Structure formats: structure tokens, C-alpha cells
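To start, the structure itself, in C-alpha cells.
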Amino acid sequence: MSGALWKDTLREIKRSFNRFISILLIIALGVGFFVGIKCASPSMLATADYYFHSQQLMDFKLQSTVGFDTDDLESIANTDQIAGIMPAYSADVILRQENKSTTVKMMSISPKESPYQNLNQPVLIEGRLPESSNECVVDHTQTMNGIIEIGSTIQLEPTVGEQNLSEILASDIYTVVGIVESPMFITYDRGKSTIGDGFIDCFFMIPQENFKSQRYTEVYVQTNMSKQGISTYSSEYKNSIQEITTELEKLGNERVIHFEQTILQDARIQLEQAKQDYQNGQQEADIQLKQAKQQLEDGLVEIQRGEAKLSNGEQQLHEGTQIANENFTLAEQRLKNAQEQLEQGKRALEQSKQQLAQSEQQIRQGQSQLVQGEKQLQEAWQQYDTGLAQWKHSQQLLQNATAQLEQTEQIYETMIANGTLNAPDQQLEFARTVSAMLTAMVLFIQNNQSDTTDIVELQSIKNEFDQRIQKVENTVVQGQPIPPLFSNSELLFITAFFPTYFSKAETALQDAAIQLRQGEEQLAQTKTQLDRQQAEFDRSQQELTAGFLQLAIAQQAALDAENTLRTGQAEYETGLSTLQNQQAQYQTQYANGIAALQNSRNQLEQAKADLAAGEIDYDQAVAEATHTLEDARQQIDDAQKQLDQFSEIKWYVFQRDDNPGYSSFESDTQRVDAVATVFPFFFILVVILVTLTTMTRMVEDQRIQIGTLKALGYSSSAIAGKYFLYSLFAGAIGCILGLSIGIFLFPSLIFMAYGAMYPSLPSLIYSVPWLYPLLSILVAIICTSAVTIIACYNSLRVSPSILMRPKAPKPGKRILLERINLIWKYCSFTSKVTARNLFRYKIRFLMTLLGVAGCTALIITAFGLNDSVSVIAQKQFVDIIHYNTTIVFDKEKSADEAEQMKVYLNQNTHTQKNLFVSMQSAVVYNQDDSINIETYLLVPESTSDFSSYIELRNRTTEKKLELQDEGVIITEKISIKLGLKEGDLLTFRIDDKDYAAPITGITENYANHYIYMSPKIYEEIFHKPVAYTNALSIVPNLNDEIKSEIASDLLKRDDIITLSYNDAFIEQFNDTIKSMQAIVAVIILTAGALAFVVLYNLTNINIEERVREIATIKVLGFYTKETISYVFRENIILTLLGIAVGIGLGTWMSSFVVNIIELDTIMFGRGINWVSYLSSVLITFAFAALVMVFMSFKIRKINMIESLKSNE
Amino acid sequence: MSAFVEFNHVYKRYKMGEVTITASDDVSFGVNKGEFAVIVGSSGAGKSTVLNILGGMDRCDEGTIYVDGKEISKMKEHELTAYRRYDIGFVFQFYNLVPNLTAKENVELACQICKDPLNVELVLRNVGLQERMYNFPSQLSGGEQQRVSIARALAKNPKLLLCDEPTGALDDNTGKTILKLLQDTCYHDGMTVILITHNHAITPMANRIITMKNSKVISNIYNDNPVPIEQIEW
């Protein structure tokens, strides 16, 4: 290679420095990122490895339930592959400071002159290690809160669980002399404890002599491998550790048998003998005492019988008294009632009698009135009858008088008429008539009138007449002719006056008749009145009679009542006397009974006193015997307890895996490594494509020069050499730059992110697995060189003459869109230009698209990863798992035991809501047993309230699932890994026994694998009832204070070993999320850098290629803005397209990466938050915009005079 | 009365490292409206610099330049762009067509930024390309491409047409047709045309012949009787 070529190459680099730099940068970026990320995981592992090795971290920790003695130590040390051992002590104690209780793990520091290895060496952060026995060094984390500092003294709580601190440690006061970190604990997790709140907060280290126990509590073991420095995370180490574990376990079993056969056996025999003696003595004493006891018991029985009888009698008496009293009271009551009734009756009778008397009086009064009335009435009637008779008499008299008068008148008239007045016979007759008439008249008047004047007159007249008649008659009787009676004068008179008289008489008689008629009327009136009075009287008479009748009845009734009362009174008196009789009788009987009872009681008391004396004697005898026996018993018990402590002798072999944080660190590095696998390939791809376009462009740019050189006779290889060198330089420098930055930058960034979780790891040791840098250098250089050579070859093929002619710019072409006239017609001019430009350089189009899409996709993937991880805690421990505390029992509990435990838990206010479950590990496997998954089989005590503790639901449809008796519900990850779906048969293995159950549902779950089974189907499958191992509890407002309250209460019980809280998991997840965020930031920055470099490079090419065009446009008078938008419109469209593609790609990549990174026991969230999408798009756009801002300066700077130049 | 285009003592110097090259050295000339002016000179005589400055693509260091009464020598960048946009039509030696656009679209590219463009198809017909207006530059011959370039310049309806060696990349016959087109544009349509060439042979076709040498104007001759291009042989 000639010097001119070198010079030319260097000058070319200088000339097109931008291009050179962009190739260099993209290679640096790609290689740096790939190698950097790839180195992160090895560097982290190397750091841990270095740390463990330099602090001589143990490979095994052996623990035994009985501790270790020197024989044990020797046999451990003599095991194959073991390089050294360190026997040690540890004990969990409580430290109380400012009311805060801290659970501390006290660990021993071996004495300096110890014959054993010094393992697990603490790293001294500050101060010094203990030199005297009452000094200690403290955990680094514990000094953070500032309570403990060097020089302060700590005092431990005197009791630890049920033990006294003094039984464990020699001293309870220590002076802090240093602050340390231990390789045992690389995270903040210090492990679990059976005291305090169940978690160890920190460790203290004190000199070994403080521990009182003879036997070591643990032995730390170092293998040859770790002594030789074989990486702890290598498979060689892991395999070998597994082998040694088996060895140690075997040794453990041997040692346990040995322990039992030697130490325990003797003790057992002695104990058995003692037990036998004890039993014999006990039996003898028992027999003697039993006899005495029998006698006493007989006496007692006798007394009891007497007492029973007595109390029976008393009872009877008491009952009799009670009944009699009740009866008496009842009878008295009844009598009293009767008396009252009688009184009432009497009173009522009295009243009615009074009333009767009154009414009788009234009736009598009425009667006398009536009698009087009758008399009056009779009188009235008499008067009336008299009147009537008178009236009748008068009437007769009147009639008589009237008739006489009429007769007289008649006669008179006849005499007048006949003229016979003077005839004496006639006269006589007439006189007689007149006399009769007068008599009648007088009679009438006499009868009728008091006025007697008329009568006298009339009487005189009559008399006159009668005398004359008498005279005549006297004559007549002698037989002589009848002399005239009247003289003529008289006759005359008569003739003259008689008619007047007659009429007068008639008138008078008529008057009298009228008067009589009046009298008759009066009489009739009187009669009517009398009749009425008579009727009234009759009625009164009747009423009175009725009154009498009623009175009689009432009187009868009163009489009856009186009779009844009298009878009642008699009865009452009889009853009263009977009662009094009975009472008197009863009193006598009662007195008799009491006396009898008193008698018996006295006898019984005597018997009791006798018995008591006997009992005291007996008790003394028993006490003596018991005391003797108890002493013996105590001795035996003590011996038994000592033996019992050894009942479950077991060795536990712990590996480094069991150290908190050890395996999580490894899985963290694996996750980083997985990220490293996916992303960098993408970068390498972009690097190749960018280099390809850039170099192709460069070669094409220089075709005239190539042609000239070729024409001058340079060989093709010599010409290509320049470009080869150019790309080689770019590639080599880029690789060196990328490697030198990437190898340090990315591991430290990632390690920094994890640093928060692993505080005690030392600063990062950069470990470069040289394969990756070499590979990436090779790939980068081969790619760029190959690309260059291909580009050159394409040009060199052509003859120099053609080469020297300027290559026509890529001809314009009609694009597909133009064929669709309808659309094309309506496109604006500028959009037509843009559209055509887009399709003009297809490779560049694709490159830009790929670059932008890659950027978006990477960012989406990064965000998606973050989303997937960050949702786990929320989804798993809020949405799915509702319980926050798990209470772990020492062994399986039957339903009865669980019930008792439940009562206890319910007494604690915090753990009232709990669900007992059976949790056991089960291995799920597929048909050919090629995939095995460790799962938990969880059976709740009841399915009814299960969803309050664990939500079962389908992830995609969010439909709730119910635990059914037809089959089991499995978590999603199991179904994914085994390809199982609803309705399939799940096969699983517990304790080497195979079982199967149909799957009724697949539930959303993120951490661990579970098979959920109803108790019913459990019993069907396992043919035994469910035994409970855990209680899931929902503790409201769980915080540290409540935790320690719960712990102090529940851990008191022997059958509760541990409490675990879900917030510990949540915290762990949150730490993971934090570290993820750092990774996300790294990815976003690199992705942005990718987008920037790609866009910059391609835009650069684009502009350089179109310098003439842009210059021309400027000449045409395009304003700067118009020019820039003319060029960048394509970029913007490509960016948008790229983003669209990137969203799809990113979504796919995200799920791909999530699948790769996902841990076995954890399912990451699926789906990406829209905010993540939006941010990804915006970030991509920001980077694209940044490129455009940069490039717009370049466009501004394009000189219009360029347009005047020819094409090279 | 001042000329349509007026250069007064224009200087332009380029600094190339420590050497200062004076590209225009006291250049003064005037061109009247409607004239066909040819600036002729050998390579490096400074004619391109004059054209660049006149075309608003570059600035002079001293002196004043007036075009249609506007002093472009003191215009700012933005004003210069507007000046190029509305007042100048430029015909390049290498046509400078946008390869991705058809003949018609290339013309439209210029038109869409003008205030009062001419009908694109009409202009293309006038330059004799009615048949080829939908072809891409790569499908056109050099002469045809130059016609497109001229059409693009004319369609803007500029005040001044500047041509930078328009025949430089063309064979003689084609060159003649192009020059004919430019001549017709000037004499028929009254367009002021300033053409740069190193070919003295074509000077008789112009109204005004400005000769440059060593960055200076050495003569500025008005030709009353321009010769039709067909009669010129070189």
C-alpha cells in the first residue's frame, strides 16, 4: 500500500469527518452497548464472587438440633473436598432501645489462636474488631439510624422467648467497638427468627467465649473449590456443592446415629431403670394408701348416705311445710274472699230491705188514700143514687101531677063542654080529680121545693075540696041524692079562674119538668164523673195490687237472699273452724319432724368428726408418699427432658443459596443478562445497515476519483484499499471507543441500580468475558469492511470511462401512488414531491424507518418491561392476594386443633379475620415428565369466603372464578408452561405419589405457582381430611407496631413458628422496580442515541446527496423555512411511520423480552400502559426533532453557489 | 436615468487562508431593460462572481448594485431571498432540475412560490416541450433539460433572466437552439436577459457585450444590431 493511499485515506477522513464520525459513533454505540450490557452480569457476578472469596464465605453452614462436639467437627473436617471448617455460635436475642424492639442475631467471632479456619470474615467499615469479651461489632445497617455508634454500650433484654439470656450468653452488656458488614448478608434481609416479630433486624458479633453452650451451634464449612477461587455461580461449583451436600447429609445421619447410640443410649437405660423403681414404689404406696382410702371412703359413703337421708328428710319437711303453708294461705285466702263476699251480700240485703220498707210504706199510703177515695166515691155514689131516686120520685110525682092535672083539665073541659058543671056527680068527680091533682101537686112541690107557700095554698085548696067531697060523700052514703058541692058563685069562679090555674099549674109543672131535666143532666154529669173516678180508682186499685205483688216478690227475694247469706255465713264459719283445726294439727306434726331431724343431725356430725380425723391421718400419709414419689418423678422428668431435647436429632445442611439475597442476586444478574441478549443484536443490525448506506454513498460520491485512479492504472484492490482503510479506521476506533466506554459505563450503571438492594457488595469489579468484545469487534469490522468492499466492488466493476462521467442522480420514477389518479390528482404539489422522494431511496427509507422504529420499539420495550414488573406487586398483593399475613404452624393441624387455634387467633384483635389452609408443595409435571414445576397445593378450610383472601379470576376477561368441587384451579404460569387449559387433567406429585385432578379454571397470578383445591375434592383425592398448615390472616392497618404486637402474642405458642407478611414481598418487588427503572433509563438513552445517530447519519446522507437540489431551491427563492420543510417533510413522515411500526414492534418485543426475562416462579404483567406508549412516542419524536434541529443548521449553511457546480 | 441593472464600483474578495482573492475588482456596468446582455470572459475572469452577486446568491463587499431601482447590495438575507423569488429567473449551466420531478413539476416547483406565475403548460409549450412535460429529467436530453430549466426560470415571470453558461454542457447545435430560445424570449417578450459565457463567438447575438478580465470589466459595448443566432457559427 503506497504512502499516497495512506495520505489519501487520512485526507478523506479529514474531508468527510462528519461521515467518519457518524460511522465511528454508531459502531461505538452498538459495540459499547452490546458489550457493556453483556459485561454487566459477569461483572456483577465477579464482584460478588470476589467479595465472597476475599471474605472467605462459607460454602456450607451445618446446624444440628443438638449442636456439635469436637468429634463431629473432626468427622466434618475429614470429609472429602472439605478445605476447612469453622465451628461457631449464634443466638437470637432482643435489644430494646427507645421503646423499639430489635431482634438481633448474635454471632461468634473465633478466637485468634483458633485451630480452625477463619470463615465469613466480616468487613470492617469503621472502628476495630473486639479484643475483649465484652466488646462487640455491629451490623452496618444498624448504625444508619444513628442509635448505635462506636463507643456506645448496648444492653440486651434479659429474656429471650422462654429462655433466660444468662443461659445463653455470659454477659448482657457489650461495648460497640466497630461497624462491620458480613458476606453472609448481601441484602438488607437478615433472615427469620422464632422470637420477636419473626424477623432478624441485624447481627452483632461478639467473641466466642461469651457463648455458654459446650456444643457449637453451627459449623461453617469451606470446600476446596471456593478456597481455590472457583466462581460461586459456575455450574462446576453448583454441581460439586450438590455432591458435597449429599456427603454431609450422609455424615449427619451417621453422626446422629452415633450420638443416639453412645450418649443417648446410656441415659435412656438409666432413665428406664429409674422409671421402673419409681413405678414400683409408686405401686406399693398406692396399694397401702388405697386401703386406707377405701376405709375412709366407706365412712364417707356412710356419712354421705346419712347426710343424704337427713337432707332428704329436711327436704321433705321443708317441702311439706312449704306445701302446707301454701295450702293454708290458699284456704285463708279463700275464706277471706268468702267473708268478704258475705259482707257484701249482707250489705246488699240491708239495702234492699230498706228499699222494700220504703216501697211498702209508699204502697200502704197509696192504699189508705185509695180507701179514703173509695169511701168518698161511695158517698158520691149514694148521693148520686139519692139524687136519682129523688129525681125519679120527683119525676113520678111530676108525671103523676101532670097526669092528674091533665085529667083534671080534661074533666074540667068536659064539664065545661058538657055544661055539666053544675051536675053534682060531676062536680064530685071533678072535685075528687082536683083533689087528687092537688095532692099530686102538693106532693110534687113538697118534694121539689122548699117554698111551702104554694103548698099551703094548694093544701088549703085541697082541703077545701076534700071537705066538700067528704060532705058529699057523707050524704051520698045515706042514700040521699047528691047535693051540689058548689054554689053557683063558686062555680062561676071555678069557671072563671080554673083554666088560669090550670095553665099556671101546667107552667109550673113544665118548669118543674125543665128543672127535673136539668137535674137529670146534672145527675148524668155526676154519673160520668163518678164513672171516671170509679175507673181511676179501679186502676189505682189494680196498681196497688200489682205493687203489693211486687213487694211480695221482693220481700220473698230478700228473704231468699237472707237465707242464702245465712247459709254462706254458716259455711264460712265451718270452713274457718276446719282450717284452724288443720293448722293446729299441722303445727304439732312439724314440731315432731324438726325434733327428729335434729336428732339425726347430731348423730351425723359425730360421724363426720370421726371421718375428718381419719382423713387428716390419711392426708399426712399421702403427702409423705407423694413427696417421696415427686422427688423421684422430678429426677426422672429432668432426665427425660434432657433426652427429649434430643428426640429429633437432625443435621441441617445449608448452602450459600440459603443466605438471604444470595440467589436473588444471581437471578438479578440473569435478568440483566437476558436484557443483554435481546437488545444488542438490534444495535448490531442497525450498525451494519447504517454503515452500509454510508459507505455505499461515499463510494458512489467518489466514483470519478475511483474512475480516475482506475484509469491511471491503480489496481482495484489498491483503490478499494482506501475505502477499506477508511471503514476499518472508523470500525476500529469505534470499537475501541465503544468498548472502552461501554465495558465500564453499562455495568457500573446497572450495578449502581442494584446497589441499593445489595449494600454490602464492594465496588464493581469489571469482568469482561472476552468472547463478546472480540465477537463484537469482529462483527463490527467485518460488517463495515465487507459493506465497503461490496460497495467498492460495485463501482470498480464498471469501466473507468463510465466511472469518470458523473453518475446521473438517481432517476425519478413514478411511484405506485401516481397510478391511482384519483388520489394523486388531489395531492398538493409538495405532498407529491414528498411522496416521490420517500420512495426514491428505498434503502434509506427502510433504514430511517428501521432506526426510528427500533428506537420506539426499544423504548416501548424498556417501558413495557418496567410496566410488567411494576404491576406485579400491585396486582399480586392488592388485586389478587388480599390477606397480608401468613401464620405458619409447626405441623399439620387437624380440624379440632385448628378450631382451638382459631379461638386463640380470634382473641387477638389483629388476627380475627383468618382462613385456615393446608399448604404443601406439589410437583406438577407434563405427560412425558419432561417439565417439572414446584407448586403449592393450597386447600382452604372453606370455599365460601375464599375470595376475601385470594381473588381467583381470569386475567384477560377479569371474570371471577369459583373454587369448585369438580376440579382444581391452577395459576396461569403453570398452564402456560405445561400447555394446559381448562378441562385438561392436571398431574402432580406429592411425596412421590402421583395424583391427578381436572382443571376447572386458570387464575391470574404473578408470584409462585399454586394449585387451589376445595376441601371436598381434597378428601376425594387423598382419602383423608384436610390438615391445616397455615392461617392466612387479614390484619387491618398492618404496620411495624402491630406486627410486633401480633408476633409477641402468637409466637408465644409453640405451635406457631413463623409469621410472614406480604409487605416484605412488596418491598422486595419495589426494589426490583427501582433497579428496573435504572435499566429503563439506560435503554431509553441508548435507544435515543440510536435514533439520533441513525437519523443524523441518514439525514446527513440525504442532505449531502441533495445539496445541488437544495441549493437550486434556495436559488429559486425558497425561504429557509420552506427549504427546511421541503427536506424534512420526508423525515417527519418517516419518523411518524417509524414510530407506528415501532409501536407494533415494541409491543411484540416487549412481550418477547418479558417472556425471556421472566423468572420461573414469577409471571410478569402483560400489556403496556398507554402512558408508556405515549412517552415512547414522545421521546422518539424528541430525538428525531433534535436531529432535525441539528440538520437544519446544515441546510442553512448550504451555499447556493454549489448549485452552479457540475456533478463533481 | 439609471439603467435597469446597475453595478457601481463593486468589489468582492474571498479569503483563502492567508491569501485574499479579489473576485470582483471595481466592477461597474449597466444593463437597460429589455436588453440581451452577454458577460463574456475567460475562466476566472470574475463573471460568475458578478452573476452570483446579481442573482442574490452572494454579496459584494463594496459598491452598490441596483436592479429595477432596488438596491440589492444592502439587502438582508431575507430580502435577498424574496428578490430571488420574485425578480430573478435563473438558468444553470447544468440545468439543476430536481431529478425526482417531471419536467412540468420542475416548473411548478418554481411557480408555486411566485406571486404571478405564468401558465406552466403554456411556458413549456413555448420552449417546445409540450410533448415531454411528463417526463423525468433523466428521460430528457441535455437540450431538453435546459429548456425545462429555462421554462422554470420564465414561468416565475421574473424581471431579470440570468443564464450561467446555459450552453456549456451542450453540443453546438443544441446550444444554438437554447440561445435562440433565450434570444426570442428577450426580443419577442421583452425580457431582460443577462448571459454569462466564455464563448466570444456568440457575443454578436446580444444587445450589450460586457467583457471581463482579471475580475474587471474591460469593455461594455452596446450592439445596435444583434445578429440572429442562426447566422452565428463557432
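Respectively, the protein sequence lines represent chains A and B. Note that numbering that gives the first Met the number 0 numbers the first sequence so that position 205 is 204, with each residue one more than the last. Note that numbering that gives the first Met the number 0 numbers the second sequence so that position 10 is 9, with each residue one more than the last. Backbone N, C-alpha and C define an ideal beta-carbon position, used for all residues, glycine too. If you're wondering where the values come from, they're calculated on a predicted model, not measured in any experiment.
L936(A), buried or exposed, once every other Cβ within 10 Å from all chains shown has been counted against 16: So L936(A) counts as buried.
Using CA atoms only, rank isn't needed, just tell me which of P98(B), N198(B), L153(B) is closest to N836(A). Out of P98(B), N198(B), L153(B), P98(B) has the C-alpha closest to the C-alpha of N836(A).
With 16 other CB atoms within 10 Å as the buried threshold, where does N562(A) fall? By the 10 Å Cβ count, N562(A) comes out exposed.
Those runs of the alpha helix (DSSP H) which lie wholly inside the stretch 671–705 of chain A and span at least 4 residues: Within the stretch 671–705 of chain A, no complete alpha helix (DSSP H) segment of 4 residues or longer occurs.
At a CB-CB cut-off below 7 angstroms, which residues of chain A make contact with A109(B)? Within chain A, the residues placing a beta-carbon under 7 angstroms from that of A109(B) are L1115, ordered along the chain.
Assuming M211(B) is part of the beta strand (DSSP E), what are its boundary residues? Annotation for M211(B): the continuous beta strand (DSSP E) segment containing it runs 207–212.
Beta-carbon proximity of I886(A) to T855(A), cut-off 9 angstroms: With contacts defined as CB atoms closer than 9 angstroms, I886(A) and T855(A) fail to qualify as a contacting pair.
Close-in-space but distant-in-sequence residues of the same chain around N1096(A) (CB under 7 angstroms, 5 per side omitted): Correct list, in chain order: S21, I25, V689, T693.
T676(A) to F33(A), Cα distance in whole Å? In a straight line, the C-alpha of T676(A) is about 8 angstroms away from that of F33(A).
R151(B) lies in the alpha helix (DSSP H); which residues open and close that run? Bounds of the alpha helix (DSSP H) holding R151(B) are 141–154.
Would you be able to state if there are at least three C-beta pairs under 8 angstroms between the stretch 178–186 of chain A and the stretch 755–768 of chain A? With a cut-off of 8 angstroms, the stretch 178–186 of chain A and the stretch 755–768 of chain A count as touching, because enough Cβ pairs lie within range.
CB contact check: F93(B) to chain A, cutoff 9 angstroms: In terms of beta-carbon proximity, F93(B) lines the interface with chain A, with at least one pair separated by less than 9 angstroms.
In chain order, what residues of the same chain have a beta carbon less than 8 angstroms from the beta carbon of P157(A), not counting five sequence neighbours either side? Cβ neighbours of P157(A) beyond the five flanking positions: N163, L164, S165, D171.
Interface partners of I112(B) on chain A, CB under 8 angstroms: By Cβ distance, chain A contributes L1115, G1116, F1117, E1121.
Output yes if chain A places a C-beta closer than 9 angstroms to the C-beta of P165(B); else output no. No - not a single Cβ of chain A is within 9 angstroms of the one on P165(B).
Where N1069(A) and S662(A) are concerned, what is the direct C-alpha to C-alpha distance, given to the nearest angstrom? Spanning the two alpha carbons is a distance of roughly 17 angstroms.
Relative to the C-alpha of Y1215(A), which candidate in D1054(A), V1034(A), L1037(A) has its C-alpha closest? Given that chain A is displayed from residue 0 to residue 1207, the structure contains no residue 1215(A) and the question cannot be resolved.
Report the three-state DSSP secondary structure of Y1095(A) (helix, strand or coil). Reduced to three states, the DSSP call for Y1095(A) is helix.
Consult DSSP for W650(A) and reduce its assignment to one of helix, strand or coil. DSSP, read as helix, strand or coil, puts W650(A) in strand.
List, in chain order, every chain B residue whose beta-carbon is nearer than 8 angstroms to that of S1191(A). Counting only Cβ-Cβ distances below 8 angstroms, S1191(A) has no contacts in chain B at all, with the closest Cβ about 15 angstroms away.
Going by C-alpha distance, which of Y1011(A), S15(A), E408(A), Q963(A) is nearest I973(A)? Looking at the Cα atoms, Y1011(A) is the closest of the given residues.
According to DSSP, which residues form a beta bridge with C135(A)? V175(A), per the DSSP bridge assignment.
Going by CA-CA distance only, name the one from V652(A), Q458(A), E896(A) that's closest to N1029(A). Comparing Cα positions, the closest option is E896(A).
Is there contact here, the stretch 4–15 of chain A with the stretch 721–729 of chain A, by at least three beta-carbon pairs under 8 angstroms? Flag = yes, the stretch 4–15 of chain A and the stretch 721–729 of chain A touch.
Count the other CB atoms within 10 Å of the CB of V49(B); is the residue buried (16 or more) or exposed (fewer)? Of the residues assessed, V49(B) falls on the buried side of the cut-off, its CB having 16 or more other CB atoms within 10 angstroms.
By the criterion of Cβ-Cβ separation under 9 angstroms, what are the contact partners of V832(A) in chain B? Below the 9 angstroms Cβ cutoff, chain B contributes V97, N99, L100, E104, L108 as neighbours of V832(A), in chain order.
From this set, G66(A), N1168(A), Q354(A), which residue's C-alpha is nearest A557(A)'s C-alpha? The shortest C-alpha separation from A557(A) is found at Q354(A).
Assign S218(B) to buried or exposed, taking buried as 16 or more other Cβ atoms, counted over all protein chains shown, within 10 Å of its Cβ. It counts as exposed.
If I measure Cβ to Cβ from T184(B) and keep anything under 6 angstroms in the same chain, skipping five residues before and after, which residues do I get? Scanning its chain for C-beta atoms nearer than 6 angstroms, with the 5 sequence neighbours on each side dropped, one finds around T184(B) the residues M190, in chain order.
Interface residues of the stretch 47–62 of chain B facing chain A [CB-CB below 9 angstroms]: From the stretch 47–62 of chain B, only S47, L50, N51, G54, G55, M56, D57 have a Cβ closer than 9 angstroms to chain A.
9 angstroms Cβ cutoff met for R83(B) and K37(A): The answer is no: Cβ separation not under 9 angstroms.
Do the stretch 1172–1189 of chain A and the stretch 1080–1100 of chain A meet, that is, are 3 or more Cβ pairs less than 8 angstroms apart? The stretch 1080–1100 of chain A and the stretch 1172–1189 of chain A touch, with three or more beta-carbon pairs separated by less than 8 angstroms.
What are the start and end residues of each continuous alpha helix (DSSP H) run of 4 or more residues lying completely inside the stretch 402–472 of chain A, in chain order? If we require 4 residues or more, the alpha helix (DSSP H) runs fully inside the stretch 402–472 of chain A come out as 423–447.
For R1107(A) and chain B, any beta-carbon pair shorter than 9 angstroms? Contact of R1107(A) with chain B is assigned, a C-beta pair being separated by under 9 angstroms.
Let's test the definition: count the other Cβ atoms within 10 Å of the Cβ of W390(A) and tell me whether it reaches 16, buried, or not, exposed. So W390(A) counts as buried.
Measure from the alpha carbon of A861(A) to the alpha carbon of each residue in F1151(A), S113(A), D70(A), I256(A), then state which is nearest. From the listed residues F1151(A), S113(A), D70(A), I256(A), the smallest Cα separation to A861(A) is found for F1151(A).
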